[in-house]
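J.: Below you will find the structure I want to go over with you.
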Amino acid sequence: MTTTESTPPTQSADRDDEGRGSDVSGAEIRLDGVTKRYPGQKAAAVDNLSLTIPAGEIVMFVGPSGCGKTTSLKMINRLIEPTSGTILIDDNDVRRQNADELRRHVGYVIQGGSLFPHMTVAKNIALVPKLLGWEQDRIDKRVDELLDLVSLDPGRYRARYPRELSGGQQQRVGVARGLAADPPVILMDEPFGAVDPITRQRLQDELLSIQRELRKTIVCVTHDIDEAIKLGDRILILQEGARIAQYDVPEVILASPANDFVADFVGAGSSLKQLSLARISELELRTPTTATIGEAASEVRSRAESNKDTAVVVLDERNRPRGWPWLRQLKGESIVEPTEDLVSLDHRATLNDALDTMLTNSHGGAVVTGDRDQYLGVVDFVAVTDHMRAMQEKANANAEKGAAEQEDHDPSQRVTAVGEQTDERPEPDREQQA
Amino acid sequence: MSDTAEGAATATEAPTRQRRRMSTEQAIEIFAIPVIVAVGFALYAWWRNTASLDSVELSSLEWAAVWLALGEHVKLTLVSAVIVVFVGVPLGIMLTRPRFRAAAPAVVGIANAGQAAPAIGLIVLLFIWLSGQGWFLSFSTATGKIPFLPDTVGFSVAVIALSLYAILPVLRNTITGLQGIDPTLVEAGRGVGMSNFAVLRRVELPLAIPVIMAGIRTALVLLVGTAALATFINAGGLGGILTAGITLYRYPVMVAGAVLVALLALLIEWLGRVLELIAKPKGI
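Order-wise, the sequence lines are chains B and W. The first sequence begins at 942 in the numbering used here and counts up one residue at a time. The second sequence begins at 27 in the numbering used here and counts up one residue at a time.
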């Protein structure tokens, strides 16, 4: 029913390929029969959990609260000691290492960033490198590099204290702290739970772009299935006692939930959820009339009229979109910088994010930007609905194909797992749990 | 990417950036108290030199005697305060560690009793008991060799009694301060690979400092007032002037003693505030 090694032929393939440019710097994590029992409690918090997290992937742990997802995560860096079972990172047993030393080589990112309020941003990020005994020069360079990576200007933010940052900025610093010593494995515990939806969306996009560059192994706990679908290369859905309900790529989980529990958890609108899988970059963008700040308004107006546009996208001298005024709003001789803030979308944002943004403006569309906020075009409602319909048809076709295959093969296995993996997790057992 | 979305947030947060280390109210206290003490003392000096006092009053309020008593009082207060800090803070830390956490209520209970007991009784009873113990007498001669400290048995006993009396606020605030820290921060510290000790030293203690310092200030205030009782076991201090005024029916002496104790108390309280302000880590 599930697979850890073989990737089913779904859309995920192209999604993964995007990032295969750089080398994987992550390490494989293997949990084998991991159990956590708290004294005085009858049921185990985590009951015999076995799974493999492939190197360089983002694996999302989701499940209802109390299902043991956070406990499972914390056992990887031994913040919680397993009662039994083994956890291997890159084939090294974590319990054979000194716990403090282990944690210095495993990044840890927590909700809200959990920055130390009495330390500056730089000191917070430098914690692990300092513990590892790096030289000060190297630490300083690394801090600036990381601040750049998480889109914070080092000169401006290095010396600030956490309370002088917004929630989103604190979370960015939290991510930078987790990445500081360049660990192969990063654990994230509800990393974006404490920020507003727009900031969360940006942070998620950013994490994906960082991941494309770094290819770490990221294990991330969330209660938000949409976040899991958006970020995860694979999603692990857990039931009480951290029993695996399904562990697969998002496309398969959405298209063919392993059981009722997964179907309920993923929710009824799973075709809507597909929106979280598709990126704006997959759509064809419209390119309406653009204007540059300082240009003569009359020229712009005639250009727009010949294009049959009623609104123009105003760009600044560095090709970044600044506004999207209607033609009637163009007053004066030349184009001036719009006063209203333009909410633009990163081209890596999901269609779900795109719909959100469209609903907040009157254009029925949204301006899309690429790297460094460069203007790319405009995505509109029709493009999204067309894409949705296409995806739906594709998913239906896949599901039919899958059902047909299932009848051909061993009925207990929906997707064939690699031989050695099947030994570790007997399938019938899982069927019972489900 | 971020700067468009969060530029606005940064702008609104700019005022906190410039937030001063103290509020206006704090600033008034910090600057006004020394002035009040100086004016009060000047008024006392003026009264002492111009009022018509009889020979008993004059000898009780001899400048040399007043300075001596003041010095003894300050020594009693500060030595006890140092002991209170060096016992109370580590004890508080210990009682918040998992291994000893269960003992915290009992220990705080004992400290509570120490404070609830009448200070005068504590001082006198300790004196009666300890001044008969040989080991204590040799201990007190030994500590008497420390420069600036009186070598009387009374002083040693008074310091012990005062420390017992004033340990509660420091102990309790250390525990409260450490318990009040967001557990996710402690976990974050452990999560990035700090040892338990490193988390204590670099995360827990700095964050608990404001609460601990408030406890130390409370202890200082308690100590400076209670040190006036040390005179009953011959340990000196400004209490001597007060009791002299009472036993000799000389109201001016009594009032003078009370005023001096009050001025010193204000000054010590101010010292506590300054320490609090200095010790508070930046950023919180």
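Using N, Cα and C, we set each Cβ at its ideal position, and we do this for glycine too.
On the DSSP bridge list, what partners appear for residue 1275 of chain B?
T.: Start at 1 with the first residue of the first sequence, and residue 1275 of chain B comes out as number 334. Paired residue(s): B:1237.
J.: What number of angstroms, rounded off, separates the C-alpha of residue 1353 of chain B from the C-alpha of residue 1188 of chain B?
T.: Reading the first sequence from its first residue, position 412 is the one you call residue 1353 of chain B. Reading the first sequence from its first residue, position 247 is the one you call residue 1188 of chain B. The pLDDT assigned to residue 1353 of chain B is 43, lower than 50, so where the model puts this residue is not dependable; a value taken from the coordinates is nonetheless given after this. When rounded, the distance between both Cα atoms is 16 Å.
J.: Whole angstroms are fine: how far does the CA of residue 112 of chain W sit from the CA of residue 339 of chain W?
T.: Since the first residue shown for chain W is 27 and the last is 310, residue 339 of chain W is missing from the structure and cannot be characterised.
J.: Mind pulling the chain B residues with CB within less than 9 Å of residue 233 of chain W?
T.: Counted from its first residue, the second sequence places residue 233 of chain W at position 207. Chain B residues near residue 233 of chain W: 1057, 1058, 1059.
J.: Residues in the same chain with beta-carbon distance under 7 Å from residue 67 of chain W, minus the five sequence neighbours each way, listed in chain order, please.
T.: If you number the second sequence from 1, residue 67 of chain W lands on position 41. Once the five neighbours on either side are set aside, the close Cβ partners of residue 67 of chain W are 289.
J.: In the DSSP output, what is residue 1033 of chain B paired with across the bridge?
T.: One-based indexing of the first sequence puts residue 1033 of chain B at position 92. DSSP output for residue 1033 of chain B lists B:1030 as bridge partner(s).
J.: CA-CA distance, residue 170 of chain W and residue 151 of chain W?
T.: Indexing the second sequence from 1 puts residue 170 of chain W at position 144. Indexing the second sequence from 1 puts residue 151 of chain W at position 125. Cα-Cα distance, rounded: 21 Å.
J.: Can the beta-carbon of residue 1226 of chain B be found closer than 7 Å to that of residue 1317 of chain B?
T.: By 1-based counting over the first sequence, the position of residue 1226 of chain B is 285. By 1-based counting over the first sequence, the position of residue 1317 of chain B is 376. A contact, by the Cβ cut-off of 7 Å.
J.: Of the choices B:1232, B:1295, B:1062, B:1154, whose alpha-carbon is the least far from that of residue 1094 of chain B?
T.: Locating residue 1094 of chain B in the first sequence gives position 153, where the first residue counts as 1. Answer by Cα proximity: B:1062.
J.: Counting only C-beta atoms, is residue 1080 of chain B closer than 7 Å to chain W at any point?
T.: For the purposes of this step, residue 1080 of chain B is taken as residue 139 along the first sequence, with counting starting at 1. So, not an interface residue.
J.: Could you check whether the Cβ of residue 214 of chain W sits closer than 7 Å to any Cβ belonging to chain B?
T.: Locating residue 214 of chain W in the second sequence gives position 188, counting from the first residue. For residue 214 of chain W, the answer is yes, since a Cβ of chain B falls inside 7 Å of its Cβ.
J.: Taking residue 1037 of chain B as the query, report the chain W residues whose CB atoms sit under 9 Å from its CB, ordered along the chain.
T.: As a working mapping, residue 1037 of chain B is identified with position 96 in the first sequence. What residue 1037 of chain B touches in chain W: nothing, since even the nearest Cβ is about 16 Å away.
J.: In or out: residue 1098 of chain B buried (at least 16 other Cβ within 10 Å) or exposed?
T.: In the first sequence, counting from the first residue as 1, residue 1098 of chain B sits at position 157. Per the 10 Å Cβ criterion, buried.
J.: To the nearest angstrom, how far is the alpha carbon of residue 1049 of chain B from that of residue 119 of chain W?
T.: Counting from 1 along the first sequence, the entry for residue 1049 of chain B is found at position 108. Counting from 1 along the second sequence, the entry for residue 119 of chain W is found at position 93. Going by the C-alpha atoms only, they are around 27 Å apart.
J.: Can you list the residues of chain W that residue 1020 of chain B reaches, using a CB-CB cut of under 9 Å?
T.: Here residue 1020 of chain B corresponds to residue number 79 of the first sequence, with the count starting at 1. 213, 216, 217, listed in chain order.
J.: Within 7 Å (strictly less), CB to CB, does residue 49 of chain W reach chain B?
T.: As a first step, residue 49 of chain W is located in the second sequence; it is residue number 23 there, counting from the start. Not one chain B Cβ lies under 7 Å of residue 49 of chain W.
J.: Please tell me whether residue 202 of chain W has its Cβ less than 7 Å away from any Cβ of chain B.
T.: As a position in the second sequence, residue 202 of chain W is number 176, starting the count at 1. By this cut-off, residue 202 of chain W is not an interface position.
J.: Can you have a look at residue 1124 of chain B and say buried or exposed, based on whether 16 or more other CB atoms are within 10 angstroms of its CB?
T.: In the first sequence, residue 1124 of chain B corresponds to position 183, counting from 1. Buried, by the Cβ-count rule.
J.: Can you confirm whether residue 119 of chain W, when its beta carbon is compared against all beta carbons of chain B, has any partner nearer than 7 Å?
T.: In the second sequence, residue 119 of chain W corresponds to position 93, counting from 1. Taking Cβ atoms only, chain B never reaches closer than 7 Å to residue 119 of chain W, which makes this a no.
J.: Spatial neighbours of residue 1172 of chain B within its chain, please: CB distance less than 7 Å, with the 5 preceding and 5 following residues excluded, ordered by chain position.
T.: As a position in the first sequence, residue 1172 of chain B is number 231, starting the count at 1. 999, 1001, 1145, 1148, 1149, 1161, listed in sequence order.
J.: Against chain W, with Cβ distances strictly below 7 Å, would residue 1041 of chain B count as a contact?
T.: By one-based count along the first sequence, residue 1041 of chain B stands at place 100. Taking Cβ atoms only, chain W reaches closer than 7 Å to residue 1041 of chain B, which makes this a yes.
J.: Count the other CB atoms, across all protein chains shown, that sit within 10 Å of the CB of residue 51 of chain W; report buried if there are 16 or more and exposed otherwise.
T.: Locating residue 51 of chain W in the second sequence gives position 25, counting from the first residue. It counts as exposed.
J.: Would you kindly work out how many angstroms separate the C-alpha atoms of residue 1180 of chain B and residue 1214 of chain B, rounded to a whole number?
T.: Numbered from its first residue, the first sequence carries residue 1180 of chain B at position 239. Numbered from its first residue, the first sequence carries residue 1214 of chain B at position 273. Spanning the two alpha carbons is a distance of roughly 21 Å.
J.: How close, in whole Å, do the beta carbons of residue 191 of chain W and residue 160 of chain W come, if the pair is a contact with beta carbons under 8 Å?
T.: Stepping through the second sequence from its first residue, residue 191 of chain W is reached at position 165. Stepping through the second sequence from its first residue, residue 160 of chain W is reached at position 134. About 25 Å; that fails the 8 Å criterion.
J.: Give the DSSP bridge partners of residue 57 of chain W, in chain order.
T.: As a working mapping, residue 57 of chain W is identified with position 31 in the second sequence. The partner list for residue 57 of chain W (beta bridge, DSSP) is empty, contrary to what the question assumes.
J.: Just to make sure I have the definition right: I need the residues of chain W whose C-beta is within less than 8 Å of the C-beta of residue 1045 of chain B. Which are they?
T.: Within the first sequence, numbered from 1, the residue matching residue 1045 of chain B stands at position 104. What residue 1045 of chain B touches in chain W: 218, 219.
J.: Would you call the CB atoms of residue 223 of chain W and residue 183 of chain W closer than 7 Å?
T.: The residue given as residue 223 of chain W occupies position 197 in the second sequence. The residue given as residue 183 of chain W occupies position 157 in the second sequence. The answer is no: Cβ separation not under 7 Å.
J.: Tell whether a beta-carbon distance below 7 Å holds between residue 978 of chain B and residue 1027 of chain B.
T.: As a position in the first sequence, residue 978 of chain B is number 37, starting the count at 1. As a position in the first sequence, residue 1027 of chain B is number 86, starting the count at 1. The answer is no: Cβ separation not under 7 Å.
J.: Pick out whichever of W:274, W:229, W:256, W:284 has its Cα sitting closest to the Cα of residue 147 of chain W.
T.: Within the second sequence, residue 147 of chain W is the residue found at index 121, counting from 1. Closest option to residue 147 of chain W, Cα to Cα, is W:256.
J.: Establish whether the CB of residue 1051 of chain B and some CB of chain W are separated by less than 7 Å.
T.: For the purposes of this step, residue 1051 of chain B is taken as the residue at position 110 of the first sequence. Interface residue, yes.
J.: If I'm right that residue 1325 of chain B touches residue 1296 of chain B with Cβ under 8 Å, what's the distance once you round it to whole angstroms?
T.: Residue numbering aside, residue 1325 of chain B sits at position 384 when the first sequence is read from its first letter. Residue numbering aside, residue 1296 of chain B sits at position 355 when the first sequence is read from its first letter. 6 Å between Cβ atoms; contact.
J.: When you compare the CB of residue 229 of chain W with every CB in chain B, is at least one pair closer than 7 Å?
T.: Within the second sequence, the letter at position 203 stands for residue 229 of chain W. Yes, residue 229 of chain W lies at the interface with chain B (some Cβ there is under 7 Å from its Cβ).
J.: Looking only at its own chain, which residues have a Cβ that is under 8 Å from the Cβ of residue 968 of chain B, when we skip the five neighbours before and after it?
T.: Residue numbering aside, residue 968 of chain B sits at position 27 when the first sequence is read from its first letter. So the qualifying residues of the chain are 996, 1030, 1031, 1125, 1126, 1158.
J.: How big is the Cα-Cα spacing for residue 1312 of chain B and residue 56 of chain W?
T.: Within the first sequence, the letter at position 371 stands for residue 1312 of chain B. Within the second sequence, the letter at position 30 stands for residue 56 of chain W. Spanning the two alpha carbons is a distance of roughly 53 Å.
J.: Quick one: which chain W residues come within Cβ less than 7 Å of residue 1069 of chain B?
T.: Taking the first residue of the first sequence as position 1, residue 1069 of chain B is located at position 128. Here the neighbours are 218, 219.
J.: Going by beta-carbon coordinates alone, are residue 987 of chain B and residue 976 of chain B separated by less than 7 Å?
T.: Numbered from its first residue, the first sequence carries residue 987 of chain B at position 46. Numbered from its first residue, the first sequence carries residue 976 of chain B at position 35. The answer is yes: Cβ separation under 7 Å.
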